[in-house]
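Engineer: Next up is a structure, given as structure tokens.
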Amino acid sequence: MPSSPPPLPLSRSAVVDRYFLEHRAKVLDLAAFLDRVDRANPDAVGSKEDFRLTSLRGAIALLLDGEPERAKRILDLMSDPSTEPIAAAPMKGATGAWDGFKPASARDGENG
Amino acid sequence: MYIDPHVHMVSRTTDDYQRMALAGCVAITEPAFWAGYDRSSPQGFHDYFSVLTETEPKRAAQYGIAHHTWLCINPKEAEDPVFAREVLEIIPEFLKCESVLGIGEIGLNKNSRNELEIFEAHLQLAADHDQMVLVHTPHLEDKRKGTRLIMDAIKNHGVLDPNRVLIDHVEEHTVREVLDRGYWAGLTLYPDTKCTPQRAADIFEMHGTDRLWINSAGDWGPSDPLAVPKCRDEMRRRGHLEATIRKVSFDNPLEFLSQTGKFRTDVQPTR
Chain A
1 MPSSPPPLPL SRSAVVDRYF LEHRAKVLDL AAFLDRVDRA NPDAVGSKED
51 FRLTSLRGAI ALLLDGEPER AKRILDLMSD PSTEPIAAAP MKGATGAWDG
101 FKPASARDGE NG
Chain B
1 MYIDPHVHMV SRTTDDYQRM ALAGCVAITE PAFWAGYDRS SPQGFHDYFS
51 VLTETEPKRA AQYGIAHHTW LCINPKEAED PVFAREVLEI IPEFLKCESV
101 LGIGEIGLNK NSRNELEIFE AHLQLAADHD QMVLVHTPHL EDKRKGTRLI
151 MDAIKNHGVL DPNRVLIDHV EEHTVREVLD RGYWAGLTLY PDTKCTPQRA
201 ADIFEMHGTD RLWINSAGDW GPSDPLAVPK CRDEMRRRGH LEATIRKVSF
251 DNPLEFLSQT GKFRTDVQPT R
């Protein structure tokens, strides 16, 4: 018979006490990264935003929607949604984001 | 006392064996993987399998750690199916070694047709030799799709019992589906690209501890061979019961791996 998940033994205030500073630092890292991108010289070719940044902005929006399972939903957002094997591996590594992601605002009005 | 059921010690120093032993590690399993470069011949794999079955068990035993291994050609080197099948042909001679637990870490990397073909060939090899299987799931944006392709391929193959297959590197978006389909699942504690000790503890709180283990996957890249004791510490700091901590870091790997009939935790230090 499956056992029940072990509940988180900490109160909400204890969680905040324990992890706040760590995540304050992480959000500042994220802010500084986006500032760094803005300060960098524009690329010579093309002005379209890098798909990884588009994906990251979509992930940040999910953080603020008040719904549960944020980590799962961000991973889903950054995942390749296709279902068939590709013809050949183009490289060995991964970029961290699906290059076809579009933010919700860009999807408005699309068919299908 | 803990087990690290997925760590690539061939890429680590002997100091790491000592540190792991001091932290309470009594047994490890080391899946065959990509060395960071493509090997130029099947003989290169033969040499690698010899290191995994002869050299590493001796190095580990110095510190009282029982070393076991899984053999395969990894998906990163499976894009050439002819070459990959030549490597598959040399695996059976190693399966009789007392420290070889099965076939792994097999799976997909970029979810290509050739990778899938060689993954299915590994499944057949496992079935032909009654071997257990350790599965690697793809990285980052390729993980969810690859995990589903892998589970579908195992189901379509139809021979392997999901209870004898562990699907590794699960995260929040894949763990539930893997467990619901009857497989064991591994959480890899890996900086930046997989799961932190904190997120692993969160996943246990949300999905339970049945058929789940934690591992470091320590290798030649940014990784931490002490990630398992660090996750144990995170769970302890939160106030989890010692029995819960032991379950994910010792009891569960022991239960899964004992199905091989070869797994042991009782090596005395030889140095």
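Chains A and B, in that order, are what the protein sequence lines are. 1 is the number of the first residue of the first sequence in my numbering; add one for each residue after it. 1 is the number of the first residue of the second sequence in my numbering; add one for each residue after it. Built from N, CA and C at the ideal position, the CB exists for glycine as well. Here the structure is a predicted model, which is why all the values come from computation and not from measurement.
For L10/A, which of helix, strand or coil comes out of DSSP?
Structural biologist: Here residue 10/A refers to the residue found at position 10 when the first sequence is read from its first residue. Coil, per DSSP.
Engineer: On the three-state DSSP scale, how would you describe Y2/B?
Structural biologist: Here residue 2/B refers to the residue found at position 2 of the second sequence. If DSSP states are grouped into helix, strand and coil, Y2/B belongs with the strands.
Engineer: Classify Q268/B as buried or exposed, calling it buried when 16 or more other Cβ atoms lie within 10 Å of its own Cβ.
Structural biologist: Position 268 of the second sequence, counted from the first residue, corresponds to residue 268/B. The residue in question, Q268/B, is exposed, as its Cβ has fewer than 16 Cβ neighbours within 10 Å.
Engineer: Along the chain, where does the beta strand (DSSP E) containing I245/B start, and where does it finish?
Structural biologist: For the purposes of this step, residue 245/B is taken as the residue at position 245 of the second sequence. Per DSSP, I245/B belongs to no beta strand (DSSP E); it is in the alpha helix (DSSP H), E242 to R246.
Engineer: Report the residues of the region 181–201 of chain B with a CB closer than 7 Å to any CB of chain A, ordered along the chain.
Structural biologist: Within the region 181–201 of chain B, the residues whose Cβ lies closer than 7 Å to some Cβ of chain A are R199, listed in chain order.
Engineer: Please go through the same chain and pick out, in chain order, the residues whose beta-carbon is closer than 6 Å to the beta-carbon of D16/B, but skip the five residues on each side of it.
Structural biologist: In the second sequence, the residue the question calls residue 16/B occupies position 16. Within the same chain, D16/B has close Cβ partners P225.
Engineer: Any beta carbon of chain A sitting closer than 7 Å to that of G208/B?
Structural biologist: Sequence index remark: in the second sequence, residue 208/B carries index 208 (1-based). Taking Cβ atoms only, chain A reaches closer than 7 Å to G208/B, which makes this a yes.
Engineer: Within 7 Å of any Cβ in chain A, is that where the Cβ of E117/B sits?
Structural biologist: Here residue 117/B is taken as the residue at index 117 of the second sequence, counted from 1. No, no contact with chain A.
Engineer: Label P103/A either buried or exposed according to how many other C-beta atoms from any shown protein chain fall within 10 Å of its C-beta, with 16 as the threshold for buried.
Structural biologist: Translated into the one-based positions of the first sequence, residue 103/A becomes position 103. So P103/A ends up on the exposed side.
Engineer: Please decide whether S112/B counts as near chain A, where near means a Cβ-Cβ distance under 7 Å.
Structural biologist: Stepping through the second sequence from its first residue, residue 112/B is reached at position 112. Yes, because at least one Cβ of chain A sits closer than 7 Å to the Cβ of S112/B.
Engineer: Tell me where the alpha helix (DSSP H) around N215/B begins and ends.
Structural biologist: The residue labelled residue 215/B in the question sits at position 215 within the second sequence. N215/B -> not in any alpha helix (DSSP H); beta strand (DSSP E) instead, spanning L212 to N215.
Engineer: What is the rounded straight-line gap between the Cα of P9/A and the Cα of L88/B?
Structural biologist: Residue 9/A sits at position 9 when you count from the first residue of the first sequence. Residue 88/B sits at position 88 when you count from the first residue of the second sequence. Computed Cα separation, rounded: 48 Å.
Engineer: Run through chain A and tell me which residues come within less than 8 Å of R238/B, C-beta to C-beta.
Structural biologist: Taking the second sequence and counting its residues from 1, one reaches residue 238/B at position 238. Correct list: L8, P9 and L10.
Engineer: What residues match up with A185/B in a beta bridge as DSSP calls it?
Structural biologist: Sequence index remark: in the second sequence, residue 185/B carries index 185 (1-based). I167/B and L212/B.
Engineer: Helix, strand or coil for L101/B? Go by DSSP, reduced to three states.
Structural biologist: In the second sequence, residue 101/B corresponds to position 101, counting from 1. It is a strand residue.
Engineer: Counting only Cβ pairs nearer than 9 Å, list the residues of chain A close to K76/B.
Structural biologist: Locating residue 76/B in the second sequence gives position 76, where the first residue counts as 1. Neighbours of K76/B on chain A, chain order: A89 and K92.
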